[in-house]
Amino acid sequence: MLRICLRGANATALRTCRRTPPTNLQQHRQYTSGGSSGATKVVATSLLTVGGGVGGTILYAKWDNKFRTAVETNIPYADWLLGLALGPAPQDWERPFKKQTELTQPSSMMEKEVNTPKAKSEKKVKEEAGTAKESSPVPALPAKSIREASAEATHVISAISEVQSVPAPCDTQAVVEECKECHDHKDKPVSAAVHPDEGALRERPVEELATKLAQQDQEEQDAVISISACLEDSLASSAKATLQAIGAQEAALQAITQHTKKLKEAMEAEALSDEKSVQWKDLETALADRTSAVNDAETTTLKANETLDSLRSVIDKFKGLKVSAVRPLILAAEENLHNMMVDLNKVVTKVQSAESEAKIVSQYTELVNEAKQQFQREVSSLTPEIQANWKGLTGKLSADDLNALIAHAHRRIDQLNRELAEQRVREQIHIDAALEQQKLEDQKVLEKAVKTNLQHIKEETRLEQEKKLAELREVMEAEMRTQLRRQAAAHTDHVRDVLKVQEQELKAEADQVLSSKMLELETRYRQLSQEQLDNFTLDMNSAYARLKGIEEAIDSHVVAEEEARKVHQLWLSVEALSYTLKTTNADAPTVPLEDAAQAVRESCQDNDFALALVSALPEESLQHGVYSEASLRARFNSLRYLVRRVALIDESHNSLYQYFLSYLQAALMFEAKQEAPPSLLAWEDLDTFKLLSYASYSLEHGDLELAAKLVNQLRGEARRLAQDWLTEVRLTLETRQIVSLLSAYANAVGLGTTQAQ
Amino acid sequence: MADQHGRKWDRCVADTAIKTATGLGVGLVFSLLFFKRRTWPLFFGSGLGLGMGYANCQHDFRSPYLVHGRIVKEQ
Numbered sequence: 210m211l212r213i214c215l216r217g218a219n220a221t222a223l224r225t226c227r228r229t230p231p232t233n234l235q236q237h238r239q240y241t242s243g244g245s246s247g248a249t250k251v252v253a254t255s256l257l258t259v260g261g262g263v264g265g266t267i268l269y270a271k272w273d274n275k276f277r278t279a280v281e282t283n284i285p286y287a288d289w290l291l292g293l294a295l296g297p298a299p300q301d302w303e304r305p306f307k308k309q310t311e312l313t314q315p316s317s318m319m320e321k322e323v324n325t326p327k328a329k330s331e332k333k334v335k336e337e338a339g340t341a342k343e344s345s346p347v348p349a350l351p352a353k354s355i356r357e358a359s360a361e362a363t364h365v366i367s368a369i370s371e372v373q374s375v376p377a378p379c380d381t382q383a384v385v386e387e388c389k390e391c392h393d394h395k396d397k398p399v400s401a402a403v404h405p406d407e408g409a410l411r412e413r414p415v416e417e418l419a420t421k422l423a424q425q426d427q428e429e430q431d432a433v434i435s436i437s438a439c440l441e442d443s444l445a446s447s448a449k450a451t452l453q454a455i456g457a458q459e460a461a462l463q464a465i466t467q468h469t470k471k472l473k474e475a476m477e478a479e480a481l482s483d484e485k486s487v488q489w490k491d492l493e494t495a496l497a498d499r500t501s502a503v504n505d506a507e508t509t510t511l512k513a514n515e516t517l518d519s520l521r522s523v524i525d526k527f528k529g530l531k532v533s534a535v536r537p538l539i540l541a542a543e544e545n546l547h548n549m550m551v552d553l554n555k556v557v558t559k560v561q562s563a564e565s566e567a568k569i570v571s572q573y574t575e576l577v578n579e580a581k582q583q584f585q586r587e588v589s590s591l592t593p594e595i596q597a598n599w600k601g602l603t604g605k606l607s608a609d610d611l612n613a614l615i616a617h618a619h620r621r622i623d624q625l626n627r628e629l630a631e632q633r634v635r636e637q638i639h640i641d642a643a644l645e646q647q648k649l650e651d652q653k654v655l656e657k658a659v660k661t662n663l664q665h666i667k668e669e670t671r672l673e674q675e676k677k678l679a680e681l682r683e684v685m686e687a688e689m690r691t692q693l694r695r696q697a698a699a700h701t702d703h704v705r706d707v708l709k710v711q712e713q714e715l716k717a718e719a720d721q722v723l724s725s726k727m728l729e730l731e732t733r734y735r736q737l738s739q740e741q742l743d744n745f746t747l748d749m750n751s752a753y754a755r756l757k758g759i760e761e762a763i764d765s766h767v768v769a770e771e772e773a774r775k776v777h778q779l780w781l782s783v784e785a786l787s788y789t790l791k792t793t794n795a796d797a798p799t800v801p802l803e804d805a806a807q808a809v810r811e812s813c814q815d816n817d818f819a820l821a822l823v824s825a826l827p828e829e830s831l832q833h834g835v836y837s838e839a840s841l842r843a844r845f846n847s848l849r850y851l852v853r854r855v856a857l858i859d860e861s862h863n864s865l866y867q868y869f870l871s872y873l874q875a876a877l878m879f880e881a882k883q884e885a886p887p888s889l890l891a892w893e894d895l896d897t898f899k900l901l902s903y904a905s906y907s908l909e910h911g912d913l914e915l916a917a918k919l920v921n922q923l924r925g926e927a928r929r930l931a932q933d934w935l936t937e938v939r940l941t942l943e944t945r946q947i948v949s950l951l952s953a954y955a956n957a958v959g960l961g962t963t964q965a966q
Numbered sequence: 555m556a557d558q559h560g561r562k563w564d565r566c567v568a569d570t571a572i573k574t575a576t577g578l579g580v581g582l583v584f585s586l587l588f589f590k591r592r593t594w595p596l597f598f599g600s601g602l603g604l605g606m607g608y609a610n611c612q613h614d615f616r617s618p619y620l621v622h623g624r625i626v627k628e629q
């Protein structure tokens, strides 16, 4: 068939060749001339198309991601190529949006948090400003009164005794304001997360408390130091100023009194004109002194007032701080202030009274001067030639002038007498009016004095009250300390009680442990005694059991005898079976084993093992019997001859030619008749001839099993030929095995049941 | 099995001989009748017979090793 096909193909090829040789040549000719350009054209066009296709897919993949994924899944290396061209696939573009939204949310929340603290800080700043404004008080100074220099000096000296450095009260102020704010913020609704300081103020653990107390003490001390320093400083300055003022006022007073005295002297004294002029000059100087002294006094009092104001403001500020340790200092400062003010006011009143006196005296002088001038005018009008100094003109005057003068004098005297009479008449009215005026003035003065005294008394009472308050506070402190001491004592008592209770508890525990240990030991002792008893009973029991065993053994002997008999019978039957197996003819198989097997079965009715073995006997052997070894050996020899002849035939090589070759090989092959088989078969031992020689050897030496194993290694046609023999050998071996097992079993059982006699 | 082998050989040889002879006979007849007493039909016929016998013999020896398969339709 193949040749026919080949012939047909050749014919068709020839035909085709015969038909188209000239055209092929022509085409070849054409190809030889324009072949190169055509090839390049083709190559170029193919490259273009391929490139275009690839580029188009890449572009479309860039535009459409689904297409890209489809290409990547379907075409093996497309994902690599597309990754190179376009970058990684855009799968994560959706996530950054979510991240951004998440980020914006917390940032907005953070902003809100930042805003609330900002608002809080703004509020704080506003409140600080307000409290600052409020805390700077504008105290109204009371009306000053003049005080005594000695008392004032002692006060000032006591105040100046402690001088320290300049304080910085801003810190304490800030701390106080913060505390005020914290107290204020309790009313406002604020989110708890924004103000951890608030929480810290309310929930304070013990260590924090201790540290806070220490801190507070430290702060108090610092504040005290600063405040005292401040106070000393201001007290010193105010004391200086008041001293100055008082000194100035005293000087002013002196000057005023001096001036008035001189004025009085000048008015009343009837000295000579030179002395008068000297007196007037003195008076003028005195007046100048007085004015300057009064001005000085005024300025110094103003300064003193200012300093006292500042001192008062400082004291008020420090009172506002509410630091307990500073209160006595503040009280002392206030007292000093009060005393200074009182002294200053006293001096000022003194000066004022002196001034009023001086005013009276000046008025008197004015009147006197006026009268003098009036008289002078009259005299000058009467006697225009005469000069002012009329006393020194006695010698120059004429009789007329004298007469005129005397007449004028008489007229004047009359006039004055009349005026005097009038005055006497109006005396009472004038006196009444004057009294009234004086009363009014006195009233005013009284009122003023009363007012100032009242204020002083008020101040004094207030100071006394404060002192009493301080004393009371000390008393309270002492009481509190005693209470705390009592509490401490109570605590120690409680601790003592607790310790007693603990002691008792521990004692109870120890007792318990002791009792448990005792119990354990007792149980151990009991256990041991029990064990001994048990052992004794065990021994007794074992002895009794042995006795029983002996009795039973004797009894079982009888049973064993019976068993032995049975086993003997079994053995006999098995022996019979094996004997039938051995008796064979040379070529024919043995007698069927059925009868012997039946005998065996009968003799082992209650023996499962033997029954199983008997039932395992193959049917063939029971029905037809088994071949003897000798017959199998003989068969093998003839078989060997045949097997040698078909050694090359197997499933694939089985043509007649192969048979011929196989026969040739058998004729030419010379192997050993018998060869001892090695313990381990190698690959080259599986050759047919070798196997046959091994099998022959083992058969000759009686090893039927090994021969069967070796023959089992044959393959192909050789095996087919040997199959019969092999099955026969198997059967024989099987039967023999079972019989040997049975005999072994019977022997074993027999041995087991045999008794030493 | 061994004697089976022998018997196969016997059959084989007998069969081949018969077929060769038969082929020779038919060839003879054809040569006499249709091919103007040429010798080639004789050789042809005998060869035919020998060949058939050879093929039969080979098939007989191969028969244990031939596998008969069936196409099972997919369900």
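Chains as they are written, first to last, in the numbering used here: chain Y, 210 to 966; chain B, 555 to 629.
Cβ atoms here follow ideal geometry from the backbone N, Cα and C, with glycine treated the same way.
Asked	Found
C-alpha distance - THR593 (chain B) paired with ALA609 (chain B), whole-angstrom precision	24 Å
Where TYR868 (chain Y) meets chain B, residues with beta-carbon distance less than 8 Å	PHE615
Own chain residues within Cβ distance below 6 Å of THR451 (chain Y), not counting five before or after	ALA513, MET549, LEU553
Inter-residue CB distance, ALA461 (chain Y) and ALA502 (chain Y) (contact presumed, cutoff 8 Å)	4 Å
Within chain B, the residues that GLU860 (chain Y) reaches when beta carbons sit closer than 7 Å	TYR619
Interface residues of chain B facing LEU802 (chain Y) [CB-CB closer than 8 Å]	Those within 8 Å of LEU802 (chain Y) in chain B number zero; the least Cβ separation is about 25 Å.
Element boundaries [alpha helix (DSSP H), containing ASP706 (chain Y)]	608-791
Buried/exposed call for PHE615 (chain B), threshold 16 Cβ in 10 Å	buried
Spatial neighbours of VAL855 (chain Y) in its chain, beta-carbon cut-off 7 Å, leaving aside the 5 residues before and after	SER871, GLU926, ALA927, LEU930
Alpha helix (DSSP H) segments (min. 4 residues) lying fully within the stretch 238-284 of chain Y	274-283
SER864 (chain Y) vs GLN629 (chain B) beta-carbon contact at 9 Å	no
Rounded separation between VAL570 (chain Y) and GLU650 (chain Y) - CA only	18 Å
Residues that GLN612 (chain B) contacts on chain Y, provided the C-beta gap is smaller than 7 Å	SER864, LEU865
Stretch pair the stretch 827-837 of chain Y + the stretch 563-576 of chain B: three plus CB contacts closer than 8 Å	no
Counted within 10 angstroms of its Cβ, other Cβ atoms place ASN283 (chain Y) as buried (16 or more) or exposed	exposed
Separation of MET749 (chain Y) from THR944 (chain Y), as counted between CA atoms	55 Å
Chain-ordered neighbours of ARG224 (chain Y) on chain B, where CB pairs are closer than 9 Å	Ordered by position in chain B, no residue passes the 9 Å Cβ test against ARG224 (chain Y), which lies about 31 Å from the chain.
LEU930 (chain Y) at chain B interface by Cβ criterion, 9 Å	yes
ILE434 (chain Y), enclosing alpha helix (DSSP H) - first and last residue	415-477
Residues near ALA495 (chain Y) by beta carbon distance below 6 Å, same chain, minus five either side	GLN467, HIS468, LYS471
Chain D contact for VAL767 (chain Y) (CB, 9 Å cutoff)	Among the protein chains in the structure shown, which are Y and B, there is no chain D.
CB contact below 9 Å: VAL252 (chain Y) versus chain B	no
Extent of the continuous alpha helix (DSSP H) run through TYR968 (chain Y)	There is simply no residue 968 (chain Y) to check, as chain Y begins at 210 and stops at 966 in what is shown.
Cβ distance (whole Å) where SER787 (chain Y) is taken to contact VAL948 (chain Y) below 8 Å	5 Å
TYR836 (chain Y) vs ARG844 (chain Y) beta-carbon contact at 9 Å	yes
DSSP-derived helix/strand/coil call for GLY296 (chain Y)	coil
Test item: CB-CB of GLU937 (chain Y) and LEU820 (chain Y) under 9 Å	no
DSSP state of LYS555 (chain Y) mapped onto helix, strand, coil	helix
Min CB distance VAL974 (chain Y) to chain B below 9 Å	Given that chain Y is displayed from residue 210 to residue 966, the structure contains no residue 974 (chain Y) and the question cannot be resolved.
Spatial distance of ARG690 (chain Y) from LYS528 (chain Y) (CA atoms)	25 Å
Element boundaries [alpha helix (DSSP H), containing VAL809 (chain Y)]	803-812
Reduced DSSP category for GLN561 (chain Y) - H, G, I as helix; E, B as strand; rest coil	helix
Buried or exposed (CB count within 10 angstroms, at least 16 for buried), ALA454 (chain Y)	buried
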